[in-house]
Every structure is written in C-alpha cells, then in structure tokens.
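Have a look at the structure below, then the notes.
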Amino acid sequence: MITTDGVVSTGIGSWPGTDLTDALKITFAECPDLPHLPELPDRGPHAGLVGRGTALLTGLGVDLQPAGWRLTDVSSRDHRRAIGTLRSDLDQLEEIAQGYEGPLKVAVAGPWTLAGSLEHPRGDRVLPDTGARRDVVQSLEQGIVDLAAEVARRLPDTSLVIQLDEPSLPAVLGGDIATASGLGRHRAVDIPEVSDAYTRLVERLGDTPVVVHCCAPGAPIGLLTTAGVRGLALDLSLLGTADWDALGAALEQGHWLFAGALPTNNPSAPPPTADQVASAVLAPIRRLELPPEFSTHTVVTPACGLAGFSRTAAISALRTVRTAAGIVAEGLYD
C-alpha cells in the first residue's frame with residue numbers, strides 16, 4: 551500500500567546537474583512526505599532513463615552505440631558504468647536517508663519503454679522480436695525485484711514505492727515506434743502481453759506498490775489499473791473527459807493519482823503559482839464528485855522530470871507543488 555498523511559507532493563524523478571548528494575538533500579527537504587531518488591541525466595547517457603534502465607537488466611549485456619543502447623553478448627564499459635553509477639547512487643541514498651521513516655519512491659525505466667528503446671544485436675529495435683523483447687522484459691523484472699530487496703536491506707524503515715517511467719507505452723500499444731530507418735513503424739504489441747508484464751511484476755513485488763508514470767498522450771488508464779498497479783502518474787494537461795472518467799473509477803477502487811499539474815515542457819516559461827497548480831488538480835476532481843476519502847489518494851507532482859530546469863527553478867517547482875498539495879487538501883472538503 552501507499553501510505554501518506556492526506557494529499558502530499560513529490561517529484562517525478564529527473565533533476566538538473568550532476569551532484570546527487572545535493573539533489574538528495576533537496577528532495578528530502580522539499581518532499582518530506584514522499585522523497586525520491588533523483589535521476590541526473592546530465593551525468594551522461596549511462597545516467598539517463600534508458601541507460602539507468604540497462605543497469606537493472608539481469609543476465610543481459612548491453613553496449614552504447616551512436617544510435618543508442620544495443621543488446622550484446624558481453625556488458626560493455628558503458629553498461630558497467632551504468633551499473634556502477636546506480637550502485638553509487640544507492641550508497642548515497644542510504645547515507646542521506648538514515649533516520650528517515652516513511653515511503654520512499656525510486657523510479658526506473660518501464661519494461662515497454664526499455665523494450666522500445668533498445669536495439670537488437672542484428673540492428674533495429676528489440677520490440678518486433680518476440681523472444682528478445684520477452685528476454686528484456688523478464689530481465690528487467692528480475693532487476694527491479696532485486697532492487698526492491700536491496701533498498702529494503704539498506705533502509706529497512708522505509709516503505710518503497712516503485713515508479714515505472716513509461717513515456718513510450720502509448721506508442722508501443724499504438725504501433726508508433728519508429729524502425730531504425732525511420733521510414734516505418736513497428737507493429738503494436740498485443741494488449742495481453744503488455745498487461746501481463748505489469749501483473750507479473752506487481753505480483754513478485756508483493757507489498758511494494760507500483761506506480762506507472764506516463765507523460766505522453768493516450769496513457770492506457772484502464773489497462774494499467776486492471777493489471778494491478780497501485781498508482782498512475784500522469785500529465786493532467788493531456789487528459790480528456792474519458793481519461794478523467796477512467797481515473798474516477800480508479801480512485802473509487804483505491805488507486806492513487808500522481809497528479810502532474812505543474813507544466814515542465816517549457817522551463818523558461820513563467821512558473822505557475824501554487825493556486826494555479828492546485829486548481830488544475832481540484833477542478834476535474836470536483837467534477838467527478840467523488841467523496842473526499844477517495845480524492846485524498848492524490849499526490850501533486852510536476853508533469854514530468856525537472857532535468858531541463860535550473861537548480862533554482864527546480865527547487866521552486868518542488869516548493870510550488872508542496873504548497874499546492876496543501877491547498878488541494880483543504881479544497882477537497884470545501
């Protein structure tokens with residue numbers, strides 16, 4: 551279960567700069583109810599979404615090519631660097647989080663974004679090769695299970711929440727992942743196969759809840775909730791009436807909404823106020839006319855990661871969503 555005291559706030563994952571210790575201290579200070587392990591892609595490809603995801607692959611080798619990450623027989627120096635960076639990040643997390651008791655969120659690349667990003671040893675994507683994508687999905691599944699056990703060992707007083715970052719999920723389901731040449735699109739992966747990957751992971755993680763973050767249009771809300779994930783992290787600006795109807799049903803069933811209400815697509819734009827962020831959350835929830843006990847299953851977040859922001863602007867964004875969460879909590883009972 552995800553346990554927090556009412557409506558709270560957190561970050562999505564990515565953070566500007568290369569200083570993880572500084573980023574962790576900021577995260578624990580500005581997101582005290584649900585801190586998270588930041589992702590710092592400025593450190594290089596090995597520390598970005600896909601590179602960090604390869605660090606969790608069990609029994610598979612990967613190499614970094616000019617076109618991206620590719621499966622290989624033996625792990626390359628770049629893959630070993632990704633693995634070493636993740637281990638170092640966990641060391642620093644353990645040090646900073648000493649004495650903390652409560653939920654802690656760790657984000658990793660989701661199975662379908664990773665399968666849609668990796669290349670096959672013979673070229674092109676892993677995605678159209680049924681066997682190869684099964685190997686990637688199962689390898690990542692084991693890696694995430696091992697990661698959860700590692701965090702539990704290092705920080706036994708925390709309650710881990712796993713966030714799967716799936717920006718490519720709608721494209722995988724819609725047959726919109728480009729081929730290596732860019733001239734075609736790979737066939738859509740069948741819904742049962744996509745759903746089963748989440749269900750297996752959820753079952754293996756047991757009491758560790760899974761949240762799926764998708765900041766692309768067309769997030770499959772019904773598929774994800776049916777598959778057993780406990781929360782959905784979505785960019786609210788991309789949701790239509792049908793999406794909110796599906797979210798309303800999910801909230802009634804006890805699922806959590808990680809409401810991405812602070813825009814992140816234009817870091818140079820004037821930042822919204824806390825009242826504006828809170829309104830973006832409250833207005834559609836009020837239209838659903840849900841009882842407050844369901845609506846409090848809400849976490850206010852930026853729409854996506856903050857790596858494109860300056861350090862100062864990123865801190866301001868976390869403070870804004872934290873203030874907005876308080877406004878939302880009060881507004882639910884008006």
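Numbering of the sequence shown is given in the working numbering, commencing with residue 551 and proceeding in unit increments. For glycine and all other residues, C-beta sits at the position ideal for the given N, C-alpha and C. Owing to the predicted nature of the structure, the values given are computational and were not obtained by experimental measurement.
The beta carbon of Thr848 lies closer than 6 Å to those of Val557, Leu807, Ala809 in the same chain, with the five residues before and after it left out.
For Pro834, the closest alpha carbon among the candidates Leu789, Ala853, Ser860 is that of Leu789. Linking Gln692 to Pro820 through their CA atoms gives a straight-line distance of about 42 Å. When DSSP states are grouped into helix, strand and coil, Glu700 belongs to the helix group. Annotation: the continuous beta strand (DSSP E) that includes Thr622 extends over 618 to 622. The three-state secondary structure of Ser625, taken from DSSP, is coil.
DSSP, read as helix, strand or coil, puts Ile727 in coil. Sequence-distant Cβ neighbours of Val695 in its own chain, meaning closer than 7 Å and more than five residues away, are Arg754, Leu755.
Membership of Gln615 in the beta strand (DSSP E) is indicated by the continuous run 611 to 615. Below 8 Å, too few C-beta pairs join the segment 667 to 684 and the segment 639 to 658 to call them touching: fewer than three. Sequence-distant partners of Thr814 (beyond 5 residues in either direction) whose C-beta falls short of 6 Å from its own C-beta, in its chain, are Pro852, Ala853, Cys854.
The DSSP assignment places complete alpha helix (DSSP H) segments of no fewer than 4 residues inside the segment 559 to 596 at 570 to 580, in order along the chain. The alpha-carbon of Gly725 is positioned some 28 Å away from that of His629. A straight-line Cα-Cα distance of about 43 Å links Leu606 and Tyr883. As a beta-bridge residue in DSSP terms, Ile712 pairs with Val656, Val760.
CA-to-CA, the gap between Pro717 and Val739 works out to about 15 Å. The DSSP-derived three-state label of Arg672 is coil. Shown here, Pro852 sits in a strand according to DSSP, grouped into three states. Counting along the chain, Leu807 sits inside the beta strand (DSSP E) bounded by residues 806 to 812. Annotation: Ser559 to Leu832 spans about 14 Å, alpha carbon to alpha carbon.
The three-state reading of DSSP puts Arg737 in coil, since its state is none of H, G, I, E or B. Leu677 is positioned such that its CB atom lies closer than 7 Å to that of His736. Annotation for Ala783: no alpha helix (DSSP H) segment contains it, though the beta strand (DSSP E) segment containing it runs 781 to 785.
Leu570 and Gly594 have their C-alpha atoms some 13 Å from each other. Shown here, Val831 sits in a helix according to DSSP, grouped into three states. One thing to note: Gly798 has its Cβ no nearer than 7 Å to the Cβ of Leu773. Between Ser564 and Pro591, the C-beta gap is smaller than 7 Å, which places the two residues in contact. Cβ contact annotation for Ala830 (same chain, cutoff 6 Å, sequence separation greater than five): Leu786, Ala811, in chain order. Taking a C-beta distance under 7 Å as the contact criterion, Arg704 and Glu645 do not qualify as a contact pair.
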